[in-house]
Amino acid sequence: MESVGNRKPGTPALHVEDLRVSYRKIAALKSITFEVHKSEIVSLLGANGAGKTTMLNAISGAIPVESGEIRHDGASIKGVPPHRIVQKGIVHVPEGRRIFADLSVAENLRVAAYLYESKRKTLFKERLEFVLSLFPRLKERYAQAGGTLSGGEQQMLAIGRALITGGDILLLDEPSMGLAPMLVQEIFDTIVKISQTGKTILLVEQNATMAMEISNYCYVLETGLISFEGEPEVLRQDNDIASAYLG
Amino acid sequence: MGTYSQQFLQQTVNLVQLGSIYGLLAVGFSMVYGIARLVNFAYGPIFMVSTYLLFFFGTLMSAMTETAWIVLVFALIGASALTALLAIIIEKIAYKPLRGAPKVSVVVSSVGVGMALEYLVLSFIGPNPHRMPTFVGNSRYTVGGVNFSLATIIIVAVAVAAMVVLNLYIKKSRTGIALRAVAEDGLAASFMGISANWMISVAFILSAIMATIGASLYGVAYPTFNPYFGEQINWWSFTAAVLGGIGSVKGAILGGYLLAAVNVYSPMLLPTSSWRDVVAFGVLIFVLMIKPAGLIGKKRIEKV
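For the protein sequence lines, the chains are L and A, in the order given.
Going by the working numbering, the first sequence opens with residue 326, and the numbers climb by one from there.
Going by the working numbering, the second sequence opens with residue 322, and the numbers climb by one from there.
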């Protein structure tokens, strides 16, 4: 494996160790080890079927883990169900966005404050204002049903929802999927903006070129194993890897 | 006024009364399907148990006070609480372990639970009919030759109020929005911190409350009951819910009134009242042929 470079010392915000996940006895992740430090943008890259989405699902508790360990600030979160993972500040923005199509934009955002809405109304208001300033388009569509939004707007809503939960680690699964190039740029710019507010981001992307541009560190997944890790510059210079896995 | 049109008006009053009860019961049935995607054929028997609970609490309270509305309110609270508890226990024992199993298994399980409830009541209380204590006086009013009873007015008012409150709760409250989110996408809702298991319990609680309010109103209109009468309620609630579009609150209400219309008007037009059910289910089949998802139901893509 390549050298680890100069990453922050200390306990990682998210630490996955020797993780194994199987679907019906077929290993989707064989032995995955990686870490994400606070305020970093870390990318998990790789082809379709490499296990990227499975990795995020394992972290957020959506699927069971066979062996290995997942730690958040040093404490194990393995086997914690998804609705409790959110309480720990880890929020999953799933592949295909999965916004609530029958709920209005306003309701989609409000439901994300489910855990604290009744106790801390001003906190919800603050976060809502931040999200609407980040995505003014959502304000224009506020009363519309989520299902009537365009792909780009749905992605904004999905990220907005995650921010309203108050999570400080965002798991973003293919945020650029199916979007026009201009919108892809806009979404990636927003991810950088969010990262600058101190959030930690674990990004899964097929669009490796774009992901590397904004990442501090990258891991390349290949059929359930990590085949490369390093800073994006190193990855880009390594022609073999670039041509083999990143297209 | 001709006797025929007078009869028609009189039947319309009956329609509104019956439709309000059916609508309310169908909402309770539909609710559980909407959130848990579960056709709960134990609903009628739960309604039956709820009727017995109302009977016991009502009789108990009548011994303590003569004020009818106090009797009714306390009987409703007591019976609602126990019915909700029963519904949650059923969900945890008979449905939750089958989540992820084929839908047919859950349907069979719900039919089994329904039969078990029926036989439990039969073996503990017996098959003899009982009579609900009188919660509402039998004052009558006549307007333009059409008779209204105080009971009818109260039944319609309470049922409509219950449906309006439930609808507002689902539309506006924090829990209501979470319920709708789970109905659409349980996993995405869990990523928002919502426990799908808890929301399913909430759906069963709301369903039990609707069944209990429905049972009290049904008891005012038709005071005699026995352990078997949940079965008929099962079919009427199910039919009304499917007719309107199962999973939808508004659809269930619409289905309830439509079914009541068929029930009330068809004996006027048909030679014998035994044709009533044939017409009712005929209408159901006809509606489903034209609109397979029910009158205002949405086509849903089942997620794997």
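Idealized CB from N, CA, C, for every residue including glycine.
Integer-rounded CB distance, given that residue j should sit under 8 Å from residue i
| i | j | result |
| --- | --- | --- |
| A/TYR416 | A/VAL427 | 6 Å |
| L/ASP343 | L/GLY404 | No, L/ASP343 and L/GLY404 are not in contact; Cβ-Cβ is about 16 Å, not under 8 Å. |
| L/HIS397 | L/ALA487 | Going by Cβ atoms, the distance from L/HIS397 to L/ALA487 rounds to 16 Å, so no, they are not a contact pair. |
| A/ILE491 | A/GLY565 | A/ILE491 to A/GLY565, Cβ: 15 Å. No contact. |
| L/LYS377 | L/LEU369 | 5 Å |
| A/VAL370 | A/VAL442 | 7 Å |
| L/ASP427 | A/ARG501 | 7 Å |
| L/VAL416 | L/GLY492 | 3 Å |
| A/THR372 | A/PHE546 | 5 Å |
| A/ILE611 | A/SER351 | Wrong, their Cβ atoms sit about 20 Å apart, outside the cutoff. |
| L/VAL418 | L/LEU496 | 7 Å |
| A/ASN468 | A/GLN331 | 7 Å |
| A/GLY349 | A/ALA517 | Incorrect: roughly 20 Å between the Cβ atoms, too far for contact. |
| A/GLN338 | A/VAL479 | Between A/VAL479 and A/GLN338 the Cβ distance is about 11 Å, and since that is not below 8 Å, they are no contact. |
Test item: CB-CB of residue i and residue j under 9 Å
| i | j | result |
| --- | --- | --- |
| A/ALA581 | A/GLY365 | no |
| A/PRO454 | A/GLY535 | no |
| L/SER401 | L/ILE410 | no |
| A/TYR539 | A/ILE526 | no |
| A/ALA529 | A/ALA408 | yes |
| L/GLU365 | L/HIS340 | no |
| L/ALA438 | L/LEU453 | yes |
| L/TYR544 | L/ARG332 | no |
| L/PRO506 | L/ILE516 | no |
| A/LEU397 | A/VAL457 | no |
| A/ALA357 | A/GLU412 | yes |
| L/VAL456 | L/LEU474 | no |
| A/THR463 | A/ALA542 | no |
| L/GLY485 | L/PHE460 | yes |
| L/GLY477 | L/LEU504 | yes |
| L/LYS446 | L/ILE494 | no |
| L/SER520 | L/ILE512 | no |
| L/PHE449 | L/ILE489 | yes |
Rounded straight-line distance, which links the Cα of residue j to that of residue i
| i | j | result |
| --- | --- | --- |
| A/ILE367 | A/ALA437 | 11 Å |
| A/ILE414 | A/ILE446 | 24 Å |
| L/SER429 | L/ALA468 | 6 Å |
| L/LYS355 | L/GLU547 | 10 Å |
| A/PHE607 | A/THR593 | 22 Å |
| L/VAL390 | L/PRO407 | 13 Å |
| A/TRP556 | A/ALA363 | 11 Å |
| A/SER291 | A/GLY344 | For chain A, the structure presents residues 322 to 625; residue 291 of chain A sits outside this window and is missing. |
| A/VAL570 | A/ALA483 | 12 Å |
| L/LYS518 | A/GLY577 | 53 Å |
| L/ALA275 | L/TYR441 | Since the first residue of chain L shown is 326 and the last is 572, residue 275 of chain L is not available in this structure. |
| L/ILE357 | L/VAL346 | 9 Å |
| L/PRO557 | L/ILE551 | 15 Å |
| L/VAL529 | L/GLN510 | 16 Å |
| L/SER328 | L/ASN382 | Confidence is the limiting factor: at L/SER328 the pLDDT is only 45, short of 50, which leaves the residue's position unreliable, though a coordinate-based value still follows. Going by the C-alpha atoms only, they are around 28 Å apart. |
| A/GLY465 | A/PRO423 | 56 Å |
| A/VAL599 | L/ILE384 | 55 Å |
| A/ILE515 | A/VAL503 | 8 Å |
| A/LEU591 | A/VAL583 | 11 Å |
| A/SER460 | A/GLY615 | 39 Å |
| L/GLN480 | L/ALA431 | 15 Å |
| A/PHE550 | A/VAL360 | 19 Å |
| A/ALA280 | A/ALA601 | A question about residue 280 of chain A goes unanswered here, because the residues of chain A that appear run from 322 up to 625. |
| L/MET537 | L/GLN562 | 12 Å |
| L/ALA353 | L/VAL367 | 21 Å |
Bridge partner(s) assigned by DSSP for residue i
| i | result |
| --- | --- |
| A/THR545 | A/ARG452 |
| A/ARG461 | A/SER470 |
| L/ASP498 | L/VAL529 |
| L/VAL367 | L/LEU527, L/TYR542 |
| L/PHE553 | L/VAL545 |
| L/TYR609 | No answer is possible for residue 609 of chain L: it lies beyond the span of chain L, which begins at 326 and ends at 572. |
| L/ALA400 | L/HIS397 |
| L/VAL341 | L/PHE359, L/ILE395 |
Neighbour list for residue i in chain B, Cβ cutoff strictly below 8 Å
| i | result |
| --- | --- |
| L/VAL416 | The chain inventory of the structure shown lacks chain B, comprising the protein chains L and A. |
Residue i - containing alpha helix (DSSP H), residue span
| i | result |
| --- | --- |
| L/ALA383 | 377 to 384 |
| A/GLY576 | 570 to 590 |
| A/ALA510 | 507 to 511 |
| L/ARG452 | 446 to 459 |
| A/GLY349 | 324 to 357 |
| A/GLU439 | 424 to 446 |
| L/ARG409 | 407 to 410 |
| A/TYR364 | 364 to 383 |
| L/LEU488 | 476 to 490 |
| A/PHE550 | That residue, A/PHE550, is in no alpha helix (DSSP H); it is neither H nor E in DSSP. |
N-terminal and C-terminal residue of the beta strand (DSSP E) that residue i is part of
| i | result |
| --- | --- |
| L/ALA352 | 351 to 361 |
| L/ILE415 | 415 to 418 |
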